[in-house]
Amino acid sequence: MARLPRLVIPQTLHHVLQRSHEGILLFRDNEDYTTFLNWLAQAAKQFQVAIHAYILMPDHFHLLLTPSDEQGLSKFMQWIGRYYVPYFNRKYQRSGSLWQGRYKATVLEAERHFLQCSLYVEGSPLRSGLVTDASEYPWSSYQHHIGQRTDPLVSDHPIFWALGNTPFQREANYKEMMSQSLSVADMAQLDNAVTKGWLLGSASFQAEISKLTERRVAPAKRGRPRKMPNAPID
1 MARLPRLVIP QTLHHVLQRS HEGILLFRDN EDYTTFLNWL AQAAKQFQVA IHAYILMPDH
61 FHLLLTPSDE QGLSKFMQWI GRYYVPYFNR KYQRSGSLWQ GRYKATVLEA ERHFLQCSLY
121 VEGSPLRSGL VTDASEYPWS SYQHHIGQRT DPLVSDHPIF WALGNTPFQR EANYKEMMSQ
181 SLSVADMAQL DNAVTKGWLL GSASFQAEIS KLTERRVAPA KRGRPRKMPN APID
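For the sequence shown, full-length UniProt numbering gives the first residue as 1, with consecutive numbering after it.
Structure, rendered in structure tokens:
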């Protein structure tokens, strides 16, 4: 089956996932994490990509972002690989790619899924057992969202700002949402969408995005085609 082109819609929320090749540790010390974050910031500025949430895990990373144009996302991701992979290979005396194939990406309806996906992304170290509180993990946007530090990499999404009229209200409400955790079904839905590249949103959002692209935004319905009635005999 031919591979579908990646779905990219400018000025719309995207969830991006990139895993390492065969579980290679992408980040082995603090320098690796900070170097990668610096290049993320440079690429975001150069290609006009707004990063709203992120997590750098030892063998993969998630980004929740909004590209300003159709080419910005792919250029942004290519630029990161062009700089980080040679840096990593020189430092650890290896060769070859770090990535498990193409990065995964999907389009999300922000009103329904921004907060859900942001919490899912930032909750990764909790689910992996790396920390007992998401605020203990330094390589994500969670500390920014709860007011523990200001992260210059993060461009706050309007949905986050809608959580309260003051920074304190927004941060407290977000922290409370993290404590409630997501359902298994919600997490599976987010994971399935980004892995398979299908849009995640309401029927009306799906119809709206379908008008902007020739690519299918959702899988075809299963089942045999409906039989057509027999043509009348003249």
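Idealized CB from N, CA, C, for every residue including glycine.
I'd like to know whether the C-beta atoms of residue i and residue j end up nearer to each other than 8 Å.
i: F88; j: A43; result: no
i: M57; j: P138; result: no
i: A105; j: G197; result: yes
i: C117; j: L63; result: no
i: V107; j: L26; result: no
i: S141; j: Y54; result: yes
i: L17; j: Y103; result: yes
i: H21; j: Q100; result: yes
i: R19; j: H60; result: yes
Taking 6 Å as the limit between beta carbons, can you name the residues of its chain near residue i, skipping five residues before and five after?
i: V49; result: L65, P67, G72 and F76
i: F47; result: G72, K75 and F76
Strictly under 8 Å for the Cβ-Cβ distance: is residue i near chain B by that measure?
i: Q18; result: Given the protein chain composition of this structure (a single chain), no chain B is represented.
Straight-line CA distance for residue i to residue j?
i: H145; j: L163; result: 11 Å
i: H113; j: H52; result: 13 Å
i: T213; j: V194; result: 18 Å
i: K211; j: H14; result: 18 Å
i: W161; j: E70; result: 26 Å
i: T35; j: L153; result: 13 Å
i: E208; j: T12; result: 12 Å
i: Q93; j: G123; result: 32 Å
i: residue 235; j: A172; result: Coverage of the chain is limited to positions 1 through 234, which leaves residue 235 absent and any answer about it impossible.
i: M177; j: N30; result: 29 Å
i: I9; j: N38; result: 25 Å
i: G81; j: R28; result: 17 Å
i: Y33; j: S95; result: 20 Å
i: L182; j: L130; result: 18 Å
i: R170; j: D133; result: 19 Å
i: S155; j: S179; result: 23 Å
i: Y174; j: A41; result: 24 Å
i: L115; j: K45; result: 23 Å
i: N192; j: I159; result: 23 Å
i: V184; j: H157; result: 25 Å
i: K91; j: M187; result: 35 Å
Using a Cβ-Cβ cutoff of less than 7 Å, which residues in the same chain neighbour residue i once the five nearest sequence positions on both sides are dropped?
i: Q206; result: L199, V217 and A218
i: P167; result: G147
i: V85; result: S97 and L98
i: S135; result: Y142, Q143, I146 and Q148
Which same chain residues end up closer than 8 Å to residue i when comparing Cβ atoms and leaving out the 5 residues on each side of it in sequence?
i: L4; result: G197, R215 and R216
i: S202; result: E109 and R112
i: T150; result: H144
i: I24; result: D59 and L98
3 or more residues per run - each beta strand (DSSP E) lying fully within the UniProt domain "Transposase IS200-like" (9 to 124)
Counting only runs of 3 or more residues that sit fully inside the UniProt domain "Transposase IS200-like" (9 to 124), the beta strand (DSSP E) segments are 14 to 19, 49 to 57, 60 to 67 and 104 to 107, in chain order.
Could you pull out every unbroken alpha helix (DSSP H) segment of at least 4 residues lying fully inside the stretch 120 to 176, listed in chain order?
Within the stretch 120 to 176, the complete alpha helix (DSSP H) runs of at least 4 residues are 124 to 127, 142 to 145 and 158 to 161.
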